[in-house]
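Read the structure below first, then the notes.
Right, dumping it as structure tokens:
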């Protein structure tokens, strides 16, 4: 600047330091080129250069997912396991239920309902189990009396969620988190709640000091003022003063994830346990939680989700899909068997969809008056309509049938957003039949995948990874901070054992490790993705997430701050065949003219109150603020994606939901594409056939042999892209859901049928021991597994 006069006002100057050639002339970058200007001379001179860049197309055999085998499969998605005070039982989340298991015996399901359940927590005497469920409308705390089977709703917050329960030592209070990460307590007798500490970003589960004066939890502490990344440390909250302070678990390192990985206070108050660098540690602490000794490593195998026995002598943890027990003083761990299996959902034997019009996801034209014949999970035939075909019939003679939509980038298991059972239903109601997560808490991801594939949870088909593999500093709670080669080996062992569908490298992972992760992923037949365009294109990476997002390499920027992209970026995408998922966050600017989805009954019913409020605020902000700059940025991003698409590159639709608004954001992305240059046909292929091809699965098209993932819509989305949201019914792997059936649980009054006439809680019979021979108990009755329920054995 010279006074108030910009030195470069006629170009898009890049945010990199200039280089002075002498006192007058300086070299800078702008508009995709290197330029020289003089402080006082007119004009600019461009310096040409070229550079040879290597790309490498991925070449490996892709693993395909088995959605159809009917044999039992072992449960690996064991979520939030907690050891009972007597050390003889374990409670955990699996297959859309909570289970209690006496060690050495079969697990027993507690609810057998469709509602979301999470975060079991034992009372100090082991007689009660607190957990979160949305059976009352939103996620609140409930308490199960394990002796009588009586469930009592403890909190009824309405506009706020209650998750991550932790009992106080005396059993009089329960600490919990709300959807924003604020710390609260609830009085067990009265249900009265009060906020204890302000919201932190995606904190971990609380744990109490034995004297009840301190609550500890994992929270991110920024490393510097320059970047958001930091270290997950122990936050100690003083109940008396309300003040919080950070202490390090292991000096210079991060707690593994801010979820179930600790800290967990030992009942005798002498130690805390936590997972760091993929293994288990304990450290001696003072009464207020301050470490007073050196951390002690207890395991050398992948360790997650530690919990203590009541006598503080043993720790339970997860290791690659199995439960393990280790003495707190060190020693050889032993495996705790979990004899629980699941089987794939069984769709109707035969369904015939009579489509007045059908778009197959590939051709530019539609077919008219056809029957889509579905047998089991797959489309068996697409033929001219004929009366009298055998099977269940879906009458879509006045509608268009198209492939279900695919959201290729979301984070379905971000519990802090607290959708509960609503989220899967919301996606399906708007025609989204498949989702892909490039980052989720590992065991909760596997639980979601198994619950969905077994039919225990109503939700789209699900592909996912666990926590993204990152370098030492992290931000989100579902990132894995990685410190050494040995730890990276453990992280990859977990990925193989839990059968990730892909692996994501995050922004601080060193390039040498990024290369190693890609090689490992391809070796087990799955893709690897990241935020990086280069060097990923040279390493054989399969995809890049976002048009341009968090990135610590200046040389790897793919889009300018104003949204501009250049031909060299597109050239490398085309040469490498690397998929790009734009995640057009700027599409929210379209709410200025188009609030149709904000007011949609599905969206208003199936969003929890806080998410609906956030959506309405997004729309209101678009209406009351100047959107000129955001529109220009969005236009530039779409044009870069369109250039890549029309040059034969791989563009797939994704949203980053629920960071953006779940389900709604996919349609707004498609509308933004069409607004700024894509045809409706081109935009729809990014969310159907191109997405299915990128997943390397039989998805995204209507043709014999493809999975029967279909959407029945009113209108013609190939003419008006908004009609893609006019969904009336979907099929997922041959199983049909109407919009009304998806909405029904949340369209009815909250907790309908859960209260007795006198206002007391519903009493469910105590769950007895599991009967033999594959049967199970459901509300006091024994059922044969094979005949009545195809998802959960044990």
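Residue numbers (our numbering): 26 to 819.
A virtual CB, placed ideally from N, CA and C, is assigned to each residue, including glycine.
Within 8 Å, strictly: CB atoms of residue i and residue j
{"i": "residue 87", "j": "residue 550", "result": "yes"}
{"i": "residue 726", "j": "residue 372", "result": "no"}
{"i": "residue 820", "j": "residue 556", "result": "The shown model of the chain, from 26 to 819, leaves out residue 820, and the question about it has no answer."}
{"i": "residue 756", "j": "residue 739", "result": "no"}
{"i": "residue 579", "j": "residue 543", "result": "no"}
{"i": "residue 476", "j": "residue 633", "result": "no"}
{"i": "residue 120", "j": "residue 462", "result": "no"}
{"i": "residue 243", "j": "residue 229", "result": "yes"}
{"i": "residue 770", "j": "residue 742", "result": "no"}
{"i": "residue 305", "j": "residue 468", "result": "no"}
{"i": "residue 281", "j": "residue 298", "result": "no"}
{"i": "residue 110", "j": "residue 167", "result": "no"}
{"i": "residue 447", "j": "residue 498", "result": "no"}
{"i": "residue 411", "j": "residue 378", "result": "no"}
{"i": "residue 676", "j": "residue 715", "result": "yes"}
{"i": "residue 409", "j": "residue 438", "result": "no"}
Own chain residues within Cβ distance below 7 Å of residue i, not counting five before or after
{"i": "residue 474", "result": "102, 487, 489"}
{"i": "residue 655", "result": "611, 614"}
{"i": "residue 728", "result": "385, 404, 407"}
{"i": "residue 38", "result": "53, 55"}
{"i": "residue 105", "result": "117, 118, 143, 144, 145, 285, 330"}
{"i": "residue 328", "result": "300, 303, 304, 305, 342, 344"}
Close Cβ partners of residue i (< 8 Å) along its chain, the five nearest in sequence each way excluded
{"i": "residue 113", "result": "127, 128"}
{"i": "residue 80", "result": "562, 563, 597, 600, 601"}
{"i": "residue 529", "result": "463, 464, 490, 493, 494, 553, 554, 555, 570"}
{"i": "residue 435", "result": "460, 461, 462, 679, 680, 681, 682, 683, 687"}
Length of the line joining the Cα atoms of residue i and residue j
{"i": "residue 362", "j": "residue 504", "result": "28 Å"}
{"i": "residue 139", "j": "residue 123", "result": "12 Å"}
{"i": "residue 31", "j": "residue 43", "result": "14 Å"}
{"i": "residue 380", "j": "residue 749", "result": "16 Å"}
{"i": "residue 606", "j": "residue 236", "result": "50 Å"}
{"i": "residue 588", "j": "residue 670", "result": "17 Å"}
{"i": "residue 60", "j": "residue 577", "result": "24 Å"}
{"i": "residue 76", "j": "residue 593", "result": "10 Å"}
{"i": "residue 560", "j": "residue 538", "result": "12 Å"}
{"i": "residue 149", "j": "residue 192", "result": "7 Å"}
{"i": "residue 496", "j": "residue 90", "result": "30 Å"}
{"i": "residue 719", "j": "residue 617", "result": "33 Å"}
{"i": "residue 141", "j": "residue 471", "result": "15 Å"}
{"i": "residue 432", "j": "residue 350", "result": "39 Å"}
{"i": "residue 325", "j": "residue 360", "result": "15 Å"}
{"i": "residue 782", "j": "residue 375", "result": "Bear in mind that a pLDDT of 30 at residue 782, under 50, signals an unreliable position, so the model cannot answer this."}
{"i": "residue 220", "j": "residue 231", "result": "13 Å"}
{"i": "residue 691", "j": "residue 685", "result": "9 Å"}
{"i": "residue 36", "j": "residue 370", "result": "58 Å"}
Neighbourhood of residue i by C-beta, 6 Å cutoff - its chain only, sequence neighbours within 5 removed
{"i": "residue 143", "result": "118, 157"}
{"i": "residue 205", "result": "224"}
{"i": "residue 583", "result": "558, 573, 594"}
{"i": "residue 736", "result": "427, 429, 456, 752, 755"}
{"i": "residue 713", "result": "386, 428, 725"}
{"i": "residue 635", "result": "204"}
{"i": "residue 34", "result": "none"}
Residue environment, residue i, which counts as buried when at least 16 other CB atoms sit within 10 Å
{"i": "residue 696", "result": "buried"}
{"i": "residue 41", "result": "exposed"}
{"i": "residue 642", "result": "exposed"}
{"i": "residue 268", "result": "exposed"}
{"i": "residue 277", "result": "exposed"}
{"i": "residue 746", "result": "buried"}
{"i": "residue 819", "result": "At residue 819, the pLDDT of 34 sits below 50, so the modelled position is not reliable and the matter cannot be decided from this model."}
{"i": "residue 390", "result": "exposed"}
{"i": "residue 215", "result": "exposed"}
{"i": "residue 526", "result": "buried"}
Beta-carbon separation (whole angstroms), residue i vs residue j, contact threshold 8 Å
{"i": "residue 154", "j": "residue 188", "result": "Actually they do not touch by this definition, with Cβ atoms about 15 Å apart."}
{"i": "residue 688", "j": "residue 455", "result": "4 Å"}
{"i": "residue 261", "j": "residue 239", "result": "6 Å"}
{"i": "residue 331", "j": "residue 289", "result": "6 Å"}
{"i": "residue 445", "j": "residue 483", "result": "Wrong, their Cβ atoms sit about 12 Å apart, outside the cutoff."}
{"i": "residue 640", "j": "residue 663", "result": "Rounded, the Cβ-Cβ distance is 22 Å, inconsistent with contact."}
{"i": "residue 108", "j": "residue 334", "result": "5 Å"}
{"i": "residue 339", "j": "residue 93", "result": "Their Cβ separation, rounded to whole angstroms, is 41 Å, which puts residue 339 and residue 93 out of contact at 8 Å."}
Contact with chain D by residue i, beta-carbon distance below 8 Å
{"i": "residue 95", "result": "The structure shown has no chain D; it contains just one protein chain."}
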